[in-house]
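The opening residue of the sequence shown carries number 80 in my numbering; numbering runs sequentially from there.
Cβ atoms here follow ideal geometry from the backbone N, Cα and C, with glycine treated the same way.
What you are looking at is a predicted structure, and each value in this text was computed from that prediction instead of being measured.
Working notes, beginning with the structure itself.
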Amino acid sequence: GLLLLLLGYGLNLVKGFLPITIARNILGWNESLLPSLYTPYYLIFNVEILMMAGLSYIAMGWISSLTTRPVAILLMALTVVIVSPFLWGRGEEIPLLKHLLNPVWGGDPDLVIFPFFPWFSYPLLGMAAGEIYKRDYEVKRLRNISLMAGSALLLIGGLMLFINFERFFHDYGQQSWGAVIAFSGFLFLWGNLIYLIQRIYPGGMKTGLLKFFSRKLTLIYCLQWIIIGWLFFLIPFHSLSMGLVLLTSLGVILTLWGTLFVIDRINLRKAAA
Numbered sequence: 080g081l082l083l084l085l086l087g088y089g090l091n092l093v094k095g096f097l098p099i100t101i102a103r104n105i106l107g108w109n110e111s112l113l114p115s116l117y118t119p120y121y122l123i124f125n126v127e128i129l130m131m132a133g134l135s136y137i138a139m140g141w142i143s144s145l146t147t148r149p150v151a152i153l154l155m156a157l158t159v160v161i162v163s164p165f166l167w168g169r170g171e172e173i174p175l176l177k178h179l180l181n182p183v184w185g186g187d188p189d190l191v192i193f194p195f196f197p198w199f200s201y202p203l204l205g206m207a208a209g210e211i212y213k214r215d216y217e218v219k220r221l222r223n224i225s226l227m228a229g230s231a232l233l234l235i236g237g238l239m240l241f242i243n244f245e246r247f248f249h250d251y252g253q254q255s256w257g258a259v260i261a262f263s264g265f266l267f268l269w270g271n272l273i274y275l276i277q278r279i280y281p282g283g284m285k286t287g288l289l290k291f292f293s294r295k296l297t298l299i300y301c302l303q304w305i306i307i308g309w310l311f312f313l314i315p316f317h318s319l320s321m322g323l324v325l326l327t328s329l330g331v332i333l334t335l336w337g338t339l340f341v342i343d344r345i346n347l348r349k350a351a352a
């Protein structure tokens, strides 16, 4: 967890602070060419998913020393979902405390993209699922239960969002009850889809890709953001339409993923030989 926290802030330095500082202080770029949001403080301390993951690992380590009962873990996840909207922004009026609390339940949606509350509910779901699957249950029965649970959660969350989207979604980072419930249902269904692919293609290319992304996820995430962070030297901010932004992002993703996957395949073949 601590290593992930350090990696998150280190990534902020490399993908954001360093290139913007070079453009601003060494190349002398006009401030109008740079987003006003990109202050040195923001570039270093914005809370991305690696910070949330680091805090989650630390918390899960502590929880696993107390209990490994899936029901207890699921109740903790539900508690996180329920209390999160009441925590956002607390302590913002205290200068030092608000900076320390930003990764936990920060009140600035521009600075904090993945606050611990409510995002910790998703790792807790995974932790509970892992404990359930370690037990001697029939796989088919577990799949049926997870399909029903996922469908029910997606339906309940979807209805909440339909009734009052602004209230029950709130914000991508600070997700309210409806959003978390709906996304949790999607995760159950997504897990079943992954299981189905593994059953259909037990040793094929598709399963190989899934295993590759699972092993290399953090590396891919970091490299992807570093490339995007430095691209503004070639592509100025706000110079592309939404369509071109999507195409450029897709090009970066496919090129990076493809290159890493080919390298991984070559290394595996060398190891096998």
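{"query": "Start-end ranges of the beta strand (DSSP E) lying completely within the segment 244-300, minimum 3 residues", "result": "none"}
{"query": "Integer Cβ distance of Ala207 from Leu153, believed to fall under 8 Å", "result": "5 Å"}
{"query": "Enclosing alpha helix (DSSP H) for Ser328 [first to last residue]", "result": "Met321 to Ala351"}
{"query": "Close beta carbons around Ile128, own chain, < 6 Å, minus the five adjacent residues each side", "result": "Phe193"}
{"query": "For His178, the first and last residue of its enclosing alpha helix (DSSP H)", "result": "Pro174 to Trp184"}
{"query": "Ser255, buried or exposed, once every other Cβ within 10 Å from all chains shown has been counted against 16", "result": "buried"}
{"query": "Per-residue burial, Gly87 [other beta carbons within 10 Å of its own, 16 or more giving buried]", "result": "buried"}
{"query": "Minimum C-alpha distance to Met130 - residue among Lys295, Val159, Leu275 and Asn181", "result": "Asn181"}
{"query": "Nearest-angstrom Cα separation, counted from Leu226 out to Tyr300", "result": "29 Å"}
{"query": "N- and C-terminal bounds of the alpha helix (DSSP H) containing Phe135", "result": "For the record, residue 135 in the displayed sequence is Ser; it is not Phe. Start and end: Ile128 to Leu145."}
{"query": "Of the residues Ile211, Phe267 and Ser200, the one placed nearest Ser230, counting alpha carbons only", "result": "Phe267"}
{"query": "7 Å CB neighbourhood of Leu92 in its chain, flanking five on each side removed", "result": "Ile123"}
{"query": "Span of the alpha helix (DSSP H) around Phe124", "result": "Pro119 to Phe124"}
{"query": "Supposed contact pair Gly287 and Ala261 - C-beta distance, whole angstroms, cut 8 Å", "result": "Contact flag wrong, Cβ pair sits at about 31 Å."}
{"query": "Cβ-based burial, His317 [other Cβ within 10 Å; buried from 16]", "result": "exposed"}
{"query": "Cα-Cα separation between Glu110 and Pro315, rounded to whole angstroms", "result": "12 Å"}
{"query": "For Pro119, the nearest candidate out of Gly133, Leu134 and Ile101 (CA to CA)", "result": "Ile101"}
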